[in-house]
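Engineer: Sharing a structure, written as structure tokens. Questions coming.
2 protein chains.
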Amino acid sequence: MAATIKDVAKYTGLSIATISKYINGGNVLEKNKILIDDAIKALDFKVNEIARGLKTNKTMTIGVLIPDLKNIFFTTIVSNIENVLIQNGYSTILCDYKNDIALEKEKFNFLVNKQVDGIIIIPQGDIGGYFREQLKKNIPMVFVDRYIEDVECDTILVDNLNASYNAVEYLITRGHKRIGIIRGPDNICTSIERLKGYIRVHEDYSMKIDESLIKKGDNDVESGYICLNQLLDLNFPPTAVYVTNYEMTLGAIMALNERNVKVPDELSVIGFDNLHIARVVKPSLTIVVQPMEQIGEVAANTILKRIKGDMNNYPSMVRLKTELMINQSVKDLCG
Amino acid sequence: MAATIKDVAKYTGLSIATISKYINGGNVLEKNKILIDDAIKALDFKVNEIARGLKTNKTMTIGVLIPDLKNIFFTTIVSNIENVLIQNGYSTILCDYKNDIALEKEKFNFLVNKQVDGIIIIPQGDIGGYFREQLKKNIPMVFVDRYIEDVECDTILVDNLNASYNAVEYLITRGHKRIGIIRGPDNICTSIERLKGYIRVHEDYSMKIDESLIKKGDNDVESGYICLNQLLDLNFPPTAVYVTNYEMTLGAIMALNERNVKVPDELSVIGFDNLHIARVVKPSLTIVVQPMEQIGEVAANTILKRIKGDMNNYPSMVRLKTELMINQSVKDLCG
DNA sequence: TTGTAGGCGTTATCAA
DNA sequence: TTGATAACGCCTACAA
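Just so you know, the sequences run in chain order A and B. Here our numbering is used: the first residue of the first sequence is 2, the next is one more, and so on. Here our numbering is used: the first residue of the second sequence is 2, the next is one more, and so on.
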């Protein structure tokens with residue numbers, strides 16, 4: 002149905018080869034130039050990218066694979082990735098794998114089959130060394146937000162350990178001695194790192210950790226809700242809680258509201274990630290803020306670099322710094 | 002680099018045609034079957050979807066185009082669209098156009114060039130009859146959440162008018178006489194419809210509308226913030242406010258928090274869309290809830306139907322009902 | 001059941 | 001500068 006180069010050739014009386022060359026920036030006589038332009042307009046010709054991709058082995062598109070489309074942290078990063086990609090002439094195919102490790106593999110394959118020129122992924126796991134296998138095939142690939150043990154790959158993430166360290170230290174220096182943490186699941190490295198920061202700062206301040214103050218959630222709203230309730234139900238509850246991702250922060254706040262807990266008087270809270278939510282909550286929430294724009298930028302630039310063939314200092318690992326945004330949800334017990 | 006059918010043919014000693022047939026479900030001898038399977042595994046052969054698409058003129062992928070990736074309402078719908086698409090063997094290419102009407106056109110073209118089998122779009126505008134033109138080319142296409150004037154296309158959206166009607170009626174029956182509305186911009190039909198509901202219910206209750214109570218925002222957080230402040234700064238401020246989308250609802254709440262307005266005692270509020278936020282806010286927010294799962298489902302099923310060639314009752318318009326979720330942010334002045 | 005051959009819409013080489 | 005022609009990897013009659 003759609004017009005092809007062949008049609009344009011017929012229309013102009015020129016050959017297919019000439020049209021093709023012109024389309025791709027080659028030189029043709031001025032009069033042919035306008036002839037072709039006219040034909041293209043008249044026929045509404047558009048290059049068939051599929052056919053072109055078949056020939057050139059380049060699709061000028063990058064696959065982006067994230068755990069969940071309904072997670073605004075992820076989609077914001079994607080949006081920033083795309084900003085720089087598009088400026089470099091690349092487009093994006095975005096998929097999510099609904100936090101399902103099997104689907105992750107499937108979607109990854111989908112992208113590979115679509116012949117994308119590279120893949121940026123926020124990975125969950127590496128079933129049977131799958132990613133390692135893929136990397137051997139030299140498809141450019143960048144991990145974002147998380148790394149996978151034993152997989153050598155460019156990785157952009159955040160200094161989770163010190164993010165936690167600073168947040169909890171802030172609580173400690175405000176006089177808090179019993180600090181709860183709502184941590185994420187074991188299979189995600191960010192959870193581990195964030196927990197480590199919590200542990201390390203306790204060590205550095207020679208504070209013993211009460212294991213009952215460490216609650217493990219699933220990084221979703223529901224589990225934040227449950228964990229916070231568990232913390233409040235302790236015989237000896239904490240005076241402050243640090244929640245290690247956005248969704249769980251939401252859940253935690255719901256629990257607080259429901260139980261009518263006065264923040265920060267009855268409980269101090271530090272949450273994670275979302276600037277909007279920080280201001281929507283009352284009192285405004287002190288949060289750890291991740292540099293999402295930067296994460297996206299660096300990720301995009303890294304994959305572009307690799308696609309160009311620049312394998313300088315591969316595999317690279319970029320650790321971006323977080324920021325602790327101070328608001329009003331933490332009580333100063335020393336003051 | 003990657004193995005092709007040719008390689009499999011060589012490896013097995015069979016012909017390309019036989020391999021192809023087997024791959025596509027044709028019959029081959031049992032012994033050849035295992036021979037081919039072995040080869041496929043050994044060579045790690047995967048069909049090149051690009052080449053296949055070129056031949057079959059089908060890519061088994063649907064393009065999805067939304068205004069903004071950072072908008073959780075949109076991405077949630079997409080997630081639901083994908084759920085049903087994937088079950089039908091279709092994959093998804095997701096793009097956003099950053100609320101930029103020119104980019105919208107560009108991205109749409111990108112999808113067309115990728116030879117997607119259909120496009121689901123949350124549209125903004127139709128520059129120069131662009132969409133109408135596209136529709137003539139018979140590419141299956143469905144609009145979601147919004148329609149475009151004078152463009153005949155399957156459309157799935159929400160009964161915005163009655164959504165507003167019911168929300169505002171709820172306020173009226175609680176004794177509110179001065180009800181502010183924070184409405185969206187003129188170029189989006191949902192804004193218009195939601196405003197209409199506000200107007201109609203006033204008419205039906207023979208209440209005169211004070212134009213100063215109608216504030217026009219941009220559907221973003223910032224404008225919700227500004228508009229709510231404007232409403233509060235009126236000489237004769239409203240006793241209740243209805244905010245017509247999620248982002249503006251966030252902004253409005255920020256303003257309320259900042260000014261320490263007691264909800265619902267000093268001001269009643271009805272917001273839009275997000276179940277999580279409704280519970281994160283205190284007191285919990287009464288909101289209009291859109292059926293995002295259903296929207297996604299219907300949209301996906303519609304495009305699948307059209308792709309199959311079923312043009313029954315085209316163009317269809319499905320209006321889904323919203324729900325008013327009652328929480329604690331509205332004061333009953335009659336009580 | 002299997003294989004031969006032509007074509008999908010491009011690009012790229014090499015003559016003309 | 002232009003054009004004929006052979007790929008790219010796959011599918012599909014049609015013939016064997």
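Don't be surprised by glycine CBs; every beta carbon is placed ideally from N, CA and C.
When you compare only the Cα positions, how much space is there between D155 (chain A) and L95 (chain B)?
Structural biologist: In a straight line, the C-alpha of D155 (chain A) is about 24 Å away from that of L95 (chain B).
Engineer: Which residues in chain B sit within 8 Å of E50 (chain A), going by Cβ to Cβ distance?
Structural biologist: What E50 (chain A) touches in chain B: N114, K115 and Q116.
Engineer: Quick check: the stretch 313-327 of chain A against the stretch 292-302 of chain B, are there 3 or more CB pairs under 8 Å?
Structural biologist: Taking 8 Å as the limit for Cβ pairs, the verdict is that the stretch 292-302 of chain B does not touch the stretch 313-327 of chain A.
Engineer: Between R195 (chain A) and chain B, is any beta-carbon pair separated by less than 8 Å?
Structural biologist: Taking Cβ atoms only, chain B never reaches closer than 8 Å to R195 (chain A), which makes this a no.
Engineer: Taking the alpha carbon of Q329 (chain B) as the point to measure from, which residue in B:G272, B:A10, B:K138 and B:I304 has its own alpha carbon closest?
Structural biologist: Cα-wise, what sits closest to Q329 (chain B) is B:G272.
Engineer: Just the C-alpha distance for I120 (chain A) and E105 (chain A), rounded to the nearest angstrom, thanks.
Structural biologist: If I take the Cα positions, the gap works out to 12 Å.
Engineer: Nearest-angstrom Cα distance between F74 (chain A) and V289 (chain A)?
Structural biologist: Approximately 13 Å, taken between the alpha carbons.
Engineer: Take T93 (chain B) as the anchor and find which of B:L70, B:L30 and B:D118 has the nearest alpha-carbon.
Structural biologist: For T93 (chain B), the nearest C-alpha among the options comes from B:D118.
Engineer: Along the chain, where does the alpha helix (DSSP H) that runs through S213 (chain B) open and close?
Structural biologist: It is not in any alpha helix (DSSP H) - S213 (chain B) carries neither H nor E in the DSSP assignment.
Engineer: With distances taken Cα to Cα, identify the nearest neighbour of N100 (chain B) among B:L268, B:K115, B:G129 and B:L66.
Structural biologist: Of the candidates B:L268, B:K115, B:G129 and B:L66, the one whose C-alpha sits nearest the C-alpha of N100 (chain B) is B:L66.
Engineer: Locate the beta strand (DSSP E) running through L229 (chain B), then write down its first and last residues.
Structural biologist: Segment V222 to L233 is the alpha helix (DSSP H) holding L229 (chain B); no beta strand (DSSP E) there.
Engineer: What is the DSSP secondary structure of D118 (chain A), counted as helix, strand or coil?
Structural biologist: Coil, per DSSP.
Engineer: Could you tell me whether the stretch 210-224 of chain A touches the stretch 258-271 of chain A, where touching means 3 or more Cβ pairs closer than 8 Å?
Structural biologist: Touching, no, given that fewer than three Cβ pairs across the two stretches are closer than 8 Å.
Engineer: Is any beta-carbon of chain A found at less than 8 Å from that of L95 (chain B)?
Structural biologist: Closer than 8 Å: yes.
Engineer: Determine the direct distance from the alpha carbon of T240 (chain A) to that of H203 (chain A), and round the result to whole angstroms.
Structural biologist: Distance between the alpha carbons of H203 (chain A) and T240 (chain A) is about 15 Å.
Engineer: Please confirm whether G26 (chain A) has its beta-carbon closer than 8 Å to some beta-carbon of chain B.
Structural biologist: No, no contact with chain B.
Engineer: Can you give me, in chain order, the residues of the stretch 79-90 of chain B that have a beta carbon less than 7 Å from any beta carbon in chain A?
Structural biologist: Those would be V79 and S80, in chain order.
Engineer: Answer yes or no: does any C-beta atom of chain A fall closer than 8 Å to that of S317 (chain B)?
Structural biologist: Chain A contact via Cβ: absent.
Engineer: Per DSSP, what kind of secondary structure is T245 (chain A) in: helix, strand or coil?
Structural biologist: T245 (chain A) falls in the coil class under three-state DSSP.
Engineer: Closer than 7 Å, Cβ to Cβ, to anything on chain B: give me those residues from the stretch 248-265 of chain A, in chain order.
Structural biologist: Within the stretch 248-265 of chain A, the qualifying residues are L251, I254, M255 and N258.
Engineer: Quick one: complete alpha helix (DSSP H) runs, 4+ long, within the stretch 133-191 of chain B?
Structural biologist: Counting only runs of 4 or more, we get 161-174.
Engineer: Against chain A, does K332 (chain B) count as a neighbour if the rule is that its beta carbon must be under 8 Å from one of theirs?
Structural biologist: Closer than 8 Å: no.
Engineer: Within the continuous alpha helix (DSSP H) that includes D38 (chain A), where are the two ends?
Structural biologist: Run containing D38 (chain A): E31 to L44, per the alpha helix (DSSP H) assignment.
Engineer: Look up F273 (chain A) in the DSSP assignment and say whether it is helix, strand or coil.
Structural biologist: Looking at F273 (chain A) - three-state DSSP - the assignment turns out to be strand.
Engineer: Mind checking the stretch 6-21 of chain B against chain A and listing, in chain order, the residues whose C-beta falls within less than 8 Å of any C-beta there?
Structural biologist: Here the close residues number zero.
Engineer: For the putative contact between L233 (chain A) and R201 (chain A), defined by C-beta atoms under 8 Å, what is the C-beta separation to the nearest angstrom?
Structural biologist: With a Cβ gap of about 26 Å, L233 (chain A) and R201 (chain A) do not count as contacting.
Engineer: Can you list the residues of chain A that H277 (chain B) reaches, using a CB-CB cut of under 7 Å?
Structural biologist: Result: V222 and L251.
Engineer: By the 10 Å Cβ neighbour count, where 16 or more other Cβ atoms means buried, how is S224 (chain B) classified, buried or exposed?
Structural biologist: Counting Cβ neighbours within 10 Å, S224 (chain B) comes out buried, since at least 16 surround it.
Engineer: Could you tell me the alpha carbon to alpha carbon distance between E83 (chain B) and I308 (chain B), rounded to whole angstroms?
Structural biologist: Those two C-alpha atoms are separated by around 16 Å.
Engineer: Taking V282 (chain A) as the query, report the chain B residues whose CB atoms sit under 7 Å from its CB, ordered along the chain.
Structural biologist: In chain order: V281.
Engineer: Under a Cβ-count criterion, where at least 16 other Cβ atoms within 10 Å of its own Cβ denotes burial, should C190 (chain B) be classed as buried or exposed?
Structural biologist: Looking at its Cβ environment, which holds 16 or more other Cβ atoms inside 10 Å, C190 (chain B) is buried.
Engineer: Work out the CA separation of L334 (chain B) and V159 (chain B) for me, nearest whole Å.
Structural biologist: Spanning the two alpha carbons is a distance of roughly 30 Å.
Engineer: Kindly give me the distance between the Cβ atoms of V242 (chain A) and L268 (chain A), rounded to whole angstroms, as I take these residues to be in contact under 8 Å.
Structural biologist: At roughly 6 Å, the Cβ-Cβ gap stays under 8 Å, so V242 (chain A) and L268 (chain A) are in contact.
Engineer: Skipping 5 residues on each side, what residues in its chain have a beta carbon closer than 7 Å to that of Q231 (chain A)?
Structural biologist: Counting only Cβ-Cβ distances below 7 Å, and skipping sequence neighbours, we find K216.
Engineer: Taking the straight line between their C-alpha atoms, what separation do you get for G90 (chain B) and R53 (chain B)?
Structural biologist: Roughly 15 Å between the two C-alpha positions.
Engineer: Between A4 (chain B) and I20 (chain B), which are expected to be in contact by the criterion C-beta below 8 Å, what is the C-beta distance as a whole number of angstroms?
Structural biologist: With 8 Å as the limit, A4 (chain B) and I20 (chain B) do not qualify as a contact, their Cβ atoms being about 11 Å apart.
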